[in-house]
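Following numbering that gives the first Met the number 0, the numbering of the sequence shown begins with 0 at its first residue and continues without gaps. We put the CB at the ideal spot given by N, CA and C, even for glycine. None of the values given here were measured: they were computed from a predicted structure. One structure below.
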Amino acid sequence: MTKRNITIIGATRGLGKWIAKYLNNFEHNITITSRNSKEGKIVANKLKVNYSNNNIKAIQNADIIIFAVPLDKMEETIKEIAPYAPPNSVLIDIASIKINSANALKKYAPENTEILPTHPMFGPRLPSLEGQIVILTPTDINGSWFKIIKKFLIQENTHIIISSPEEHDKMMSIVQGLTHFTYITLASTIKKLNISMKESRNFASPIYNMMLDMISRIVAQNPYMYYAIQKQNPETRKSRNCLINEINYMNNLIEKGDEKTFVSIMSNSAKHFDDFEESLGRSDKAINALNTELVYLKNNIGMEVGLKHRYNGNIHVGIISEVNNEVVIINKSNKQLKIKISNIDILSKEELLDWKKNNLNRYYYDLSVIFSKSCDEGILADIFRKIDQVIDVDIIDEYYGNQISYDQMSITFHYSVFDKEDRFVVEDYIQGMGGIIR
Numbered sequence: 000m001t002k003r004n005i006t007i008i009g010a011t012r013g014l015g016k017w018i019a020k021y022l023n024n025f026e027h028n029i030t031i032t033s034r035n036s037k038e039g040k041i042v043a044n045k046l047k048v049n050y051s052n053n054n055i056k057a058i059q060n061a062d063i064i065i066f067a068v069p070l071d072k073m074e075e076t077i078k079e080i081a082p083y084a085p086p087n088s089v090l091i092d093i094a095s096i097k098i099n100s101a102n103a104l105k106k107y108a109p110e111n112t113e114i115l116p117t118h119p120m121f122g123p124r125l126p127s128l129e130g131q132i133v134i135l136t137p138t139d140i141n142g143s144w145f146k147i148i149k150k151f152l153i154q155e156n157t158h159i160i161i162s163s164p165e166e167h168d169k170m171m172s173i174v175q176g177l178t179h180f181t182y183i184t185l186a187s188t189i190k191k192l193n194i195s196m197k198e199s200r201n202f203a204s205p206i207y208n209m210m211l212d213m214i215s216r217i218v219a220q221n222p223y224m225y226y227a228i229q230k231q232n233p234e235t236r237k238s239r240n241c242l243i244n245e246i247n248y249m250n251n252l253i254e255k256g257d258e259k260t261f262v263s264i265m266s267n268s269a270k271h272f273d274d275f276e277e278s279l280g281r282s283d284k285a286i287n288a289l290n291t292e293l294v295y296l297k298n299n300i301g302m303e304v305g306l307k308h309r310y311n312g313n314i315h316v317g318i319i320s321e322v323n324n325e326v327v328i329i330n331k332s333n334k335q336l337k338i339k340i341s342n343i344d345i346l347s348k349e350e351l352l353d354w355k356k357n358n359l360n361r362y363y364y365d366l367s368v369i370f371s372k373s374c375d376e377g378i379l380a381d382i383f384r385k386i387d388q389v390i391d392v393d394i395i396d397e398y399y400g401n402q403i404s405y406d407q408m409s410i411t412f413h414y415s416v417f418d419k420e421d422r423f424v425v426e427d428y429i430q431g432m433g434g435i436i437r
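This is the structure in structure tokens:
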């Protein structure tokens, strides 16, 4: 995307802050606003963007205006700011309910601007847009800004859904409204039953653990936002009432001992979920993913590992000393570091090497080795390069002469390692493959 002036209204936390940080990677001129000047300045300094405590002034030269305020403040904020949008700009809201905000944008945005009600279907904990769903509800699919933003999202490998505000809100009454309501109600029920979540995991199947993780993820969010999602979408009320009626009906079947009807309803419901095999495949992958890192760590105790914290981005490199179902302990610079497995990604061999190149000292050596003249220099260099301790290697000299036998050649390798002691490992390896060190 061409460099733009972008103003984000309400970007000191949550998704607004995430968007400011993400778009700043593309060297746009970003301005964020907040009613809390102290917090706004702190966030702006951290993100290296501009800050303004005056919403009207902040949008004067904006090409793109993004409304990222709480759902219950969205309509009044649009009413306050939208009329002052400069000509040819685009106004975007990221509310999770679209009819209300879309109507507000239509009503208050100047005629010489474009509006694009948008719903990013992800939270601020994710690292990028890649693979994430973004729902666009444009008023004009031929609008110039719609084409620009759609192109940008495609370039970022985003999964784009084009919808109307009405269709969006109906789908969200299930995707968000019904799901959130069910999980929050389950959490409240378990609490009232006085069941220890941690203790229950000891008895749990992988499916139960996955469900608990999703419940925890939901109830740990902003409860005011989740209440607003329930309250402000009329379609969600219909979904909740349908669920409540169905719960009572199914409970009565069990109490009456009506096995036949219960089984029939469950079977017919399964048929309605017509992607049964795909669902099994996806859930199998999710279950396996829960154990993959744990198994890897347990199988590599005593070995070096690189761990990246999923949320703060810090990378820790050390020797695995202990692993249990919840934490991994690594020996890092002669200190024991305990990290929750749920919070880390394991670096690949290539990622670990890149980190070392950027963060550790290297030691360079020249090694002259005598081989048979029939050996191929390129193959020897490739073998040398595959030694685990070697970072990189070049052939800097080849010698054929009186100091060695006529059927031999001397090759001098210039190589680097991270540890001085590794040079001896390298020399042993070279001698083991028949080389004679000069």
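- I183 sits in a helix when the DSSP states are folded into three classes.
- Distance from the Cα of I436 is smallest, within the candidate group G122, F412, E420, E292, for F412.
- Between L115 and W144, the beta carbon gap of about 6 Å places them in contact (Cβ cut-off 8 Å).
- I93 is positioned such that its CB atom lies no closer than 9 Å to that of I64.
- The region 216 to 235 makes no contact with the region 243 to 263: fewer than 3 CB pairs, one atom from each, lie closer than 8 Å.
- Sixteen is the threshold: since fewer than 16 other Cβ atoms of the shown chains lie within 10 Å of the Cβ of G433, the residue is exposed.
- If one requires a minimum length of 4 residues, the alpha helix (DSSP H) runs lying completely within the region 381 to 433 are 421 to 431, in chain order.
- If you ignore the 5 residues before and after L293, its C-beta comes within less than 8 Å of the C-beta of V322, N324, I340, all in its own chain and listed in chain order.
- Classified as buried, H118 has 16 or more neighbouring CB atoms from the shown chains inside 10 Å of its CB.
- One thing to note: G39 has its Cβ no nearer than 9 Å to the Cβ of N54.
- For L185, same chain residues with a beta-carbon under 7 Å away, outside a window of 5 residues either side, are I214 in chain order.
- Under the three-state reduction of DSSP output, H167 falls in the helix class.
- The alpha-carbon of N333 is positioned some 38 Å away from that of E129.
- Note: Y364 is bridge-paired with Y414 in the DSSP secondary-structure output.
- The beta-bridge partner set that DSSP reports for I343 consists of H308.
- In this structure, the CA atom of R124 is about 15 Å from the CA atom of N313.
- Secondary structure at F66: strand, using DSSP grouped into helix, strand and coil.
- For D421, same chain residues with a beta-carbon under 6 Å away, outside a window of 5 residues either side, are Q388 in chain order.
- Within a 10 Å sphere around the beta-carbon of P137 sit 16 or more other beta-carbons, which makes this residue buried.
- In this structure the region 140 to 159 does not lie against the region 185 to 196, because fewer than three pairs of beta carbons, one per stretch, are closer than 8 Å.
- For T76, the enclosing alpha helix (DSSP H) begins and ends at 73 to 80.
- For D353, the enclosing alpha helix (DSSP H) starts and ends at 348 to 358.
- Between the C-alpha atoms of Y399 and S367 there is a straight-line separation of about 12 Å.
- With at least 16 other beta carbons inside 10 angstroms of its own, M73 counts as buried.
- In this structure, V416 keeps its C-beta atom at 9 Å or more from the C-beta atom of W354.
- Setting aside the 5 residues that flank it on each side, A285 is surrounded in the same chain by M209, each with a C-beta closer than 7 Å to its C-beta; the list follows chain order.
- By the criterion of a C-beta distance shorter than 8 Å, N99 is surrounded in its chain by M73, E74, Q231, once the five residues flanking it on both sides are discounted.
- By the beta-carbon neighbour count (other beta carbons within 10 angstroms, threshold 16), L70 is buried.
- Rounded to the nearest whole angstrom, the CA to CA distance from I217 to L177 is 12 Å.
- Between F272 and S278, the C-beta gap is smaller than 9 Å, which places the two residues in contact.
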